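Asker: Here it is, the structure, as structure tokens.
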Amino acid sequence: MTNPGGGPAPGRRTGARRRGLLVALPVSLLVTAWVLRGIPGPGQYLVRDFVAVPDPARPVSVLPSNAETLRAWPLDAVVWLLSGLVPTGVQQALILAGALVLAGTGAGLLVSRAGVSAVAATSVLAVWNPYVTERVLLGQPPTLLGYAMLPWVLLAVRSARPLGPRLALLVLAAAPAALTPWGGALALAVAVVGALSRDDRGVRQVAATAAVGLAWCLPWAVPAVLAGGLPADPDGAAAFALADDSGLGTWLSALTGGGVWGSGAVPRSREDPVALGAGLVLVVVATVGAAALGRRWGWRAGLVALGLLVGPSLVLTALSGPLLGVLAALQSVPGVALVRDQHRVLAPAVLALAVLAGVATGAVRTVAGRAAGALVAALVLALAVAAVPDLPRSVGAAYRPVTYPAGWEAVVSAVDRVPGRPVVASFPWQPLRRPGWGGPAPFLDPLPRALSAEVLVDGALVVERDGRSLVVGPTPGEPTWRRGVVTTESLRERGVDLVVEWLDTPGALPAERPGWVQVVSTPELRLWDVRAAR
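Be aware that the sequence shown starts at 1, since it is given in UniProt numbering, and climbs by one per residue.
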């Protein structure tokens, strides 16, 4: 019996997948529980981009018109829809835990025919690695769903089922990834590549797969097109390029799953020679897996596997260095912003490393027996932990649930009572907040998620790279606002009706408030009505 998708017959493959699931799922659950053991608690998580409010406002439109809103669309709409049933903090925890469990389970299923030891090794390595660590510390659990669903998308698109059921499976597999633009685009690319890799590929099947993939991208693609494409900032190429976070150079940093651009998201273990050595040994193990794959399925398969392992890091290293100018010039092209965070683009290579390490484990099992395979699996597990020994501690330190102060509800309620749709400006004029009640990590201003009003926030992120301060992103305010110089004219020009002031957070508050009427004053927040002053 043959399989039109390529590989073993459907019956044998289904049996192996079931056995693999019985290993991959519990292993992934155990590893995830250990990694996240320090984060449970009531409240919301406020970690850089990963923010939530107790009672999110209903989206004003299903067609967001600015880059800040589009980055989290349609996720924000889904969070609002579910908020009446599932508290937003619980949703955040489910996104984080779900991304890890889905990544480990899906990756393990890809090597299910290589044996139990291979499945266990792959599942652990797909969850416990520098890439996942740095994405989580950067506040990117939603985009990790894109990473997590890649194996599931590949499994669905290469299923032996007829085209109709196969496409239905594909939509289910891609749904979590499609909650963010990056995840949706990544799932689309993998789905098309997977369709092209089938033995029975044809124009109809590939076109149908691409059409379905484009459909799950429509929620963010349509508003992006209507808004004029929302081109990226030219400085984004340099700001979000790969970084040498290991001291081994940019390429080796990326090859081992590191290289994140944000220094605050780098775990301390990236400075540990033992941890870096463990990461390099894992690359060697994965290379052995690519060679084993080549012996089993032919040299082309081995070459493709090796290309997936090292190719992305090589290309991105070039784009971070000698070809950085080319990438900067392309920032004016709509859609390029999806790939400007180069560390995020390493997702396929990181999964390839995990899968190929499992293939190597399975190859040892085939040649030397189950005991040898189990020994290699234990080695891979030990190397994974040694490569990022501080993963649970780092995540536990950053992800501490917080309770919004009483002043938050007072401000939100007061704004909601203002007739019409007022314009609210949030100060200090900088994108990140770090009040004493908000936990250890800075976080994006959550006011736009809590108010139906139009909220003006500073979207210009300052990224320190190689001794330079790069300002990336739009800002709807005056440059003088960052210094606390807020004139009546500048408020009038932007139609500002209300001003919210965050207290106990870095940045300058307005130095003068001529004619402003104080509406709410709490130890954490103040609300001013500036309509009369305009």
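Every residue, glycine too, gets a C-beta built ideally from N, C-alpha and C. Note that the structure is a prediction, hence the values are computed from the model and not measured.
With a threshold of 16 other CB atoms inside 10 Å of the CB of T143, please say whether the residue is buried or exposed.
Answerer: buried
Asker: Using three-state DSSP, classify S469 as helix, strand or coil.
Answerer: strand
Asker: Return helix, strand or coil for L242, following the three-state DSSP convention.
Answerer: coil
Asker: So what's L110 in DSSP terms, helix, strand or just coil?
Answerer: Of the three classes helix, strand and coil, the one that applies to L110 here is helix, per DSSP.
Asker: Excluding sequence positions up to five away, which residues of its chain have a Cβ less than 7 Å from the Cβ of R17?
Answerer: Once the five neighbours on either side are set aside, the close Cβ partners of R17 are L109 and S112.
Asker: Do you know how far the Cα of A72 is from the Cα of T2?
Answerer: Low confidence applies to T2: its pLDDT is 42, below 50, so where it sits in the model is not reliable, and the reading given next is rough at best. One C-alpha to the other measures close to 43 Å.
Asker: What residue from V415, C217 and A410 has the CA that sits closest to G335's CA?
Answerer: C217
Asker: Terminal residues of the continuous beta strand (DSSP E) containing W502?
Answerer: L498 to W502
Asker: Tell me whether E454 sits in a helix, a strand or coil according to DSSP, three-state version.
Answerer: strand
Asker: Figure out for me which residue from V79, V530 and S269 has the closest Cα to the Cα of P514.
Answerer: V530
Asker: I need the boundaries of the alpha helix (DSSP H) containing D529, first residue and last residue.
Answerer: Looking at the DSSP string, D529 is not in any alpha helix (DSSP H); the run it does join, the beta strand (DSSP E), is L525 to D529.
Asker: Output the residue ranges of the alpha helix (DSSP H) runs that lie fully inside the stretch 318-404 and measure 4 residues or longer, sorted by chain position.
Answerer: 324-329, 347-368, 370-387 and 391-398
Asker: Excluding the 5 residues preceding and the 5 following I39 in the sequence, name in chain order all residues of the same chain whose CB lies nearer than 8 Å to its CB.
Answerer: Y45, A93, L96, V395, G396, Y399, R400 and P401
Asker: Give me, in chain order, the residues of the same chain whose beta-carbon lies closer than 7 Å to that of S521; leave out the 5 immediate sequence neighbours on both sides.
Answerer: none
Asker: What's the gap between the Cα of R19 and the Cα of V116?
Answerer: Distance from the CA atom of R19 to the CA atom of V116, rounded to whole angstroms, is 8 Å.
Asker: Whose C-alpha, out of V462, E501, L451 and R468, is nearest the C-alpha of V58?
Answerer: In the sequence on display, residue 58 carries Arg and not Val. Nearest of V462, E501, L451 and R468 to R58, Cα basis: L451.
Asker: What number of angstroms, rounded off, separates the C-alpha of L179 from the C-alpha of P56?
Answerer: Approximately 17 Å, taken between the alpha carbons.
Asker: Does the distance from the C-beta atom of P392 to that of V136 stay below 8 Å?
Answerer: no
Asker: Grab me the residues of A278's own chain with a C-beta within less than 6 Å of its C-beta, minus the 5 sequence neighbours each way, in chain order.
Answerer: L383, A386 and A387
Asker: Thinking C-alpha only, which one of V333, P162 and L100 is nearest T32?
Answerer: L100
Asker: To the nearest angstrom, how far is the alpha carbon of Y131 from that of G104?
Answerer: Each residue's CA atom was taken as its position, placing Y131 and G104 some 13 Å apart.
Asker: Please state whether the Cβ-Cβ distance between residue 539 and V79 is less than 8 Å.
Answerer: Past the boundaries of the shown model lies residue 539; the chain is included only from 1 to 534, so the question cannot be answered.
Asker: Tell me where the beta strand (DSSP E) around A191 begins and ends.
Answerer: Not the beta strand (DSSP E): A191 falls in the alpha helix (DSSP H), residues P181 to L196.
Asker: Can you name the start and end residues of the beta strand (DSSP E) that S490 belongs to?
Answerer: In the DSSP assignment, S490 falls outside any beta strand (DSSP E) and within the unbroken alpha helix (DSSP H) covering T488 to E493.
Asker: Got a sec, what are the start and stop residues for the beta strand (DSSP E) Q205 sits in?
Answerer: Q205 -> not in any beta strand (DSSP E); alpha helix (DSSP H) instead, spanning V203 to L226.
Asker: What residue does the alpha helix (DSSP H) around S521 start on, and which one ends it?
Answerer: S521 -> not in any alpha helix (DSSP H); beta strand (DSSP E) instead, spanning V517 to S521.
Asker: With A511 and V485 assumed to form a contact (beta carbons below 8 Å), what rounded beta-carbon distance in angstroms separates them?
Answerer: 6 Å
Asker: Thinking C-alpha only, which one of R344, A357, D458 and G407 is nearest E134?
Answerer: R344
Asker: How is T287 classed by DSSP in three states: helix, strand or coil?
Answerer: DSSP places T287 in helix when its eight states are reduced to three.
Asker: Report the three-state DSSP secondary structure of Q44 (helix, strand or coil).
Answerer: strand
Asker: Buried or exposed: T403, going by 16 or more other Cβ atoms within 10 Å of its Cβ?
Answerer: exposed
Asker: Please return the same chain residues whose Cβ sits closer than 6 Å to the Cβ of R296, not counting the five positions on each side in sequence.
Answerer: By the criterion of a C-beta distance shorter than 6 Å, R296 is surrounded by no residue of its chain, once the five residues flanking it on both sides are discounted.
Asker: Taking only the alpha-carbon atoms, compute the straight-line gap between T505 and V424 and give it to the nearest angstrom.
Answerer: 19 Å
Asker: Rounded to whole angstroms, what's the CA-CA distance from residue 575 to A349? Just pull it up for me.
Answerer: The shown model of the chain, from 1 to 534, leaves out residue 575, and the question about it has no answer.
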